[in-house]
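Novice: Residue numbers (this note's numbering): 115 to 748.
We put the beta carbon where it would ideally sit given N, CA and C, even for glycine.
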Amino acid sequence: MTVQTPAKAPSDAPFDQADLDKRRAAIRSGAMADEGALARRLIKAADIGDAARKRAQSDAGEFVRGARANASRSGLIDKFLQEYGLTSHEGVTLMRLAEALLRTPDAATADALIRDKVEAGDWAAHKGRSPFPLVNFSTRALMLTAAWLDEVEGDGVGNRLAQATKDLLDRVGEPVIRASVAQAMKLLGEHFVLGETISGAIKRARAYGARGYLFSYDMLGEAAHTEEDAQKYFADYKGAIEAIAGAANSHDPKDNPGISVKLSALHPRYELGKRDRVLNELGARARALAVMAREANIGFNIDAEEANRLDLSLDLIDRLSGDQALVGWNGFGVVVQAYQRRAFDVIDWLGALARRDRRRLMVRLVKGAYWDAEIKRAQVAGLDSYPVFTRKILTDVSYAACARRLLANRYRFYPQFATHNAHTAAMVRQTAALNEGQGPEDYELQRLHGMGEALHDSLIEAGVRSRIYAPVGGHRELLPYLVRRLLENGANSSFVNQLFDPDLSVDEIVADPVTEARALPALPNEAIPAPRDLFAGVRLSARGVDDGDPLAMAALESAASVSFDAAKVYASLIVAGGARDSAAECSPALVRNPADPEDALGRIVVAELADVEAACAQAAAAFEGWRATPCAVR
Numbered sequence: 115m116t117v118q119t120p121a122k123a124p125s126d127a128p129f130d131q132a133d134l135d136k137r138r139a140a141i142r143s144g145a146m147a148d149e150g151a152l153a154r155r156l157i158k159a160a161d162i163g164d165a166a167r168k169r170a171q172s173d174a175g176e177f178v179r180g181a182r183a184n185a186s187r188s189g190l191i192d193k194f195l196q197e198y199g200l201t202s203h204e205g206v207t208l209m210r211l212a213e214a215l216l217r218t219p220d221a222a223t224a225d226a227l228i229r230d231k232v233e234a235g236d237w238a239a240h241k242g243r244s245p246f247p248l249v250n251f252s253t254r255a256l257m258l259t260a261a262w263l264d265e266v267e268g269d270g271v272g273n274r275l276a277q278a279t280k281d282l283l284d285r286v287g288e289p290v291i292r293a294s295v296a297q298a299m300k301l302l303g304e305h306f307v308l309g310e311t312i313s314g315a316i317k318r319a320r321a322y323g324a325r326g327y328l329f330s331y332d333m334l335g336e337a338a339h340t341e342e343d344a345q346k347y348f349a350d351y352k353g354a355i356e357a358i359a360g361a362a363n364s365h366d367p368k369d370n371p372g373i374s375v376k377l378s379a380l381h382p383r384y385e386l387g388k389r390d391r392v393l394n395e396l397g398a399r400a401r402a403l404a405v406m407a408r409e410a411n412i413g414f415n416i417d418a419e420e421a422n423r424l425d426l427s428l429d430l431i432d433r434l435s436g437d438q439a440l441v442g443w444n445g446f447g448v449v450v451q452a453y454q455r456r457a458f459d460v461i462d463w464l465g466a467l468a469r470r471d472r473r474r475l476m477v478r479l480v481k482g483a484y485w486d487a488e489i490k491r492a493q494v495a496g497l498d499s500y501p502v503f504t505r506k507i508l509t510d511v512s513y514a515a516c517a518r519r520l521l522a523n524r525y526r527f528y529p530q531f532a533t534h535n536a537h538t539a540a541m542v543r544q545t546a547a548l549n550e551g552q553g554p555e556d557y558e559l560q561r562l563h564g565m566g567e568a569l570h571d572s573l574i575e576a577g578v579r580s581r582i583y584a585p586v587g588g589h590r591e592l593l594p595y596l597v598r599r600l601l602e603n604g605a606n607s608s609f610v611n612q613l614f615d616p617d618l619s620v621d622e623i624v625a626d627p628v629t630e631a632r633a634l635p636a637l638p639n640e641a642i643p644a645p646r647d648l649f650a651g652v653r654l655s656a657r658g659v660d661d662g663d664p665l666a667m668a669a670l671e672s673a674a675s676v677s678f679d680a681a682k683v684y685a686s687l688i689v690a691g692g693a694r695d696s697a698a699e700c701s702p703a704l705v706r707n708p709a710d711p712e713d714a715l716g717r718i719v720v721a722e723l724a725d726v727e728a729a730c731a732q733a734a735a736a737f738e739g740w741r742a743t744p745c746a747v748r
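1. Using a threshold of 8 Å, is the CB atom of Ala359 nearer than that to any non-hydrogen atom of the ligand NAP?
2. Taking the beta carbon of Thr743 as the centre, do at least 16 other beta carbons fall within 10 Å, making it buried, or is it exposed?
3. Given this structure, state the Cα-to-Cα distance separating Pro120 from Ala515, to the nearest angstrom.
4. On the three-state DSSP scale, how would you describe Pro554?
5. What's the C-alpha gap between Trp740 and Thr218?
6. Might you give, ordered along the chain, the residues of its own chain that have their beta carbon closer than 7 Å to the beta carbon of Leu308, omitting 5 neighbours on each side?
7. Count the other C-beta atoms from every protein chain shown that fall within 10 angstroms of the C-beta of Ser143, then say buried if there are 16 or more, exposed otherwise.
8. Is the separation between the beta-carbon of Phe348 and that of Leu380 shorter than 9 Å?
9. Quick check: the Cα distance between Ala668 and Gly553, rounded to an integer number of angstroms?
10. Measure the CB-CB distance between Arg167 and Val628 and report whether it falls below 9 Å.
11. Hey, could you find the ends of the alpha helix (DSSP H) Leu613 is sitting in?
12. Looking only at its own chain, which residues have a Cβ that is under 7 Å from the Cβ of Thr533, when we skip the five neighbours before and after it?
13. Can you tell me the Cα-Cα spacing of Ala359 and Ala407, whole angstroms?
14. Between which two residues does the alpha helix (DSSP H) carrying Ser143 extend?
15. In chain order, what residues of the same chain lie with their CB nearer than 6 Å to the CB of Ala418, ignoring the 5 residues before and after it?
16. Is it buried or exposed for Asn707, if we count other Cβ within 10 angstroms and need 16 for buried?
17. Short of 8 Å in beta carbon distance, which residues of its chain neighbour Asn549, apart from the five on each side in sequence? Order them along the chain.
18. Quick test of the definition: if touching needs 3 or more C-beta pairs under 8 Å, does the region 505-512 touch the region 630-637?
19. I'd like the span of the alpha helix (DSSP H) that includes Val178, first residue to last.
20. Quick one: measure Cβ to Cβ for Tyr84 and Asn444, integer angstroms, because I've assumed they're closer than 8 Å.
21. Terminal residues of the continuous beta strand (DSSP E) containing Asp663?
22. Given this structure, state the Cα-to-Cα distance separating Ala746 from Gln493, to the nearest angstrom.
23. Nearest CA to the CA of Ala724: which residue from Val659, Glu712, Ala690, Gly496?
24. Does DSSP put Ser374 in a helix, in a strand, or in coil?
25. Using the C-alpha atoms, what's the distance from Asn411 back to Ala183?
26. Output the distance between the C-alpha atoms of Lys158 and Ala354, rounded to the nearest integer angstrom.
27. Checking 9 Å against the spacing of the C-beta atoms, do Arg138 and Leu430 come in under that value?
28. Note down the Cα distance separating His305 from Ala293, rounded to an integer number of angstroms.
29. Have a look at Arg478 and Gln530 and give me their C-alpha separation to the nearest angstrom.
30. Rounded to whole angstroms, what is the Cα-Cα separation between Leu613 and Val178?
31. Have a look at the DSSP bridge pairing and note the partners of Gln530.
32. In whole angstroms, what is the alpha-carbon distance linking Ala278 and Lys490?
33. Quick one: what's Thr333 bridged to in DSSP?
34. On a Cα-Cα basis, can you pick out the residue from Pro638, Gly436, Val375, Gly163 that is closest to Tyr331?
35. In whole angstroms, what separates the C-alpha of Leu156 from that of Gln454?
36. Would you kindly report the start and end of the unbroken alpha helix (DSSP H) that includes Pro711?
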């Protein structure tokens with residue numbers, strides 16, 4: 115096997131371990147970075163100049179006008195969104211049905227779910243409005259289903275006869291409706307799955323390959339809950355790599371198909387609290403797969419997951435990148451999420467890591483797929499801030515800044531830009547054109563199978579490399595994931611959903627994020643308060659601890675491991691504001707560590723019945739005054 119090593123960058127300085135450590139520390143300290151200050155830094159870093167920004171907008175606008183003129187050639191999801199956009203109640207209702215129905219365990223619940231969602235929509239408002247017969251046919255089917263499901267009210271003879279007829283139809287009809295809706299969901303899901311098996315996917319990929327597309331395969335699966343799950347996914351990945359190896363014909367891994375690996379699928383306890391175990395057990399599995407990928411000379415990307423797993427994933431990436439078995443191989447890759455406030459610092463750290471290991475690292479830049487969950491998790495945990503940007507436009511700015519950084523370091527990075535947004539693709543091309551000597555072979559763009567086909571077809575015609583991110587598995591696994599991404603906060607203002615919206619002008623769709631961000635009166639989203647300020651004016655939310663933050667966990671561990679003298683630890687009663695401190699007037703009980711009975715923790719005074727009665731009487735007497743005391747004073 116021949117492995118290409120990029121030429122040494124003229125500006126490369128000798129590797130400095132202290133610099134790598136400093137950059138890692140910056141990632142950790144920036145987990146909850148001040149959003150406004152960070153956004154201002156990124157706006158500056160993303161700015162490619164007025165002329166280049168205008169060229170990007172012009173190129174993107176030309177694509178939008180062409181796509182709208184040829185709307186009949188658009189894909190299934192585009193046709194659906196043209197009529198049932200995610201800003202409409204019916205569009206959201208259908209997506210919610212698609213997300214939940216395939217995971218509904220029994221017929222009665224499925225029927226109730228269909229009834230709830232279908233009855234909620236005003237389907238008649240969409241009758242005959244779409245230029246596509248399939249969409250109009252579907253609208254009529256939804257209208258009929260809604261009418262069938264309507265309740266018949268009243269006690270008249272006609273109403274009773276209608277209800278009796280409806281009861282008969284319900285018994286026959288609900289299984290038919292259920293089967294029909296389930297089949298529709300299956301067809302929608304299969305539109306986004308390249309194949310149910312890796313061999314079937316590779317076979318189907320040949321037609322796309324003939325058009326110039328490359329592929330990155332993703333074996334569908336959620337995080338492992340048990341060791342049995344982890345072993346199954348590990349075997350699936352091994353089998354996939356073996357199959358993909360047969361389609362790898364180039365000496366350069368970037369010209370071969372690749373695979374994306376979800377680390378949480380390889381271990382049931384992929385969490386910072388189990389760091390040592392994860393690095394040993396999960397590290398060994400990831401290494402075995404990476405070595406297989408190296409031998410096959412295919413791309414091997416570590417997928418990105420929730421923000422609280424980032425630090426642990428960087429530990430694993432550090433180990434794999436420096437592994438002697440992977441030296442000189444440029445197929446190793448990492449996914450970076452631009453919506454994380456740490457994304458820019460992560461790229462700088464990856465650049466230092468690539469310099470250390472003298473490799474060219476594949477970096478797939480995505481915008482991020484867990485925004486709602488990250489916001490809610492921070493709120494529930496009572497964190498001081500959020501790990502992600504609170505405005506979608508700031509995620510776009512972060513993406514542009516990260517793209518510019520990646521393209522400026524082509525000796526250390528092979529950037530892979532995942533996007534269905536014409537403006538983002540045009541911005542990437544204009545940014546690359548500003549770098550002397552940088553050509554289309556130095557980067558690629560990526561799309562999800564089933565989406566963005568028209569955009570990427572036009573990119574290939576323009577000489578740009580494009581790779582299809584191809585899910586492999588059953589539609590049952592993919593469709594809920596895909597729909598959650600479509601429904602996610604901010605997704606309804608994304609390019610995919612705006613492309614065919616007649617109420618939006620071309621200029622609105624291809625607006626420049628840097629220009630828009632500069633015009634904001636406030637960079638952080640004022641409609642999303644800090645997690646602890648959710649109940650501002652009433653109370654502060656309780657402060658929590660981020661279990662994915664190594665700095666917070668180290669402080670917690672330090673506080674929990676403070677040594678003490680058990681002989682001096684004495685807990686006494688406090689009744690009516692007075693403490694009974696003397697061991698002579700009570701009988702303190704010895705308390706032992708439940709995990710180690712030989713470990714005496716100290717002595718406590720156990721309350722007697724009279725103590726409890728006195729405490730309750732005091733509380734009752736103080737209640738009226740306490741109730742009248744403002745919360746802030748309490």
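Specialist: On the basis of the coordinates in this document:
1. No copy of the ligand NAP appears in this structure; indeed no ligand is present at all.
2. exposed
3. Low per-residue confidence applies at Pro120: pLDDT is 45, beneath 50, and the placement is therefore not dependable, though the value from the model is reported in the following sentence. Rounded to whole angstroms, Pro120 to Ala515 spans 24 Å at the Cα level.
4. Three-state DSSP puts Pro554 in a helix.
5. 49 Å
6. Ala315, Arg318, Ala319, His563, Ala584, Pro585, Val586
7. Exposed is the call here.
8. yes
9. 46 Å
10. yes
11. It is not in any alpha helix (DSSP H) - Leu613 carries neither H nor E in the DSSP assignment.
12. Ala539, Leu559
13. 8 Å
14. 131-143
15. Val449, Gln451
16. exposed
17. Leu521, Ala522, Arg524
18. With contact defined as three or more Cβ pairs closer than 8 Å, the region 505-512 and the region 630-637 are in contact.
19. 164-183
20. No information on residue 84 is available, as it lies outside the stretch 115 to 748 that the chain covers here.
21. Segment: none, Asp663 is in no beta strand (DSSP E) and carries neither H nor E.
22. 21 Å
23. Ala690
24. strand
25. 42 Å
26. Computed Cα separation, rounded: 42 Å.
27. no
28. If I take the Cα positions, the gap works out to 19 Å.
29. 4 Å
30. 7 Å
31. Arg478, Glu558
32. For Ala278, the predicted model reports a pLDDT of 49, less than 50, meaning its position is unreliable and no value from the coordinates is stated.
33. In the sequence as displayed, the identity of residue 333 is Met instead of Thr. In DSSP, Met333 forms a bridge with Val586.
34. Val375
35. 12 Å
36. That residue, Pro711, is in no alpha helix (DSSP H); its beta strand (DSSP E) goes 710-718.
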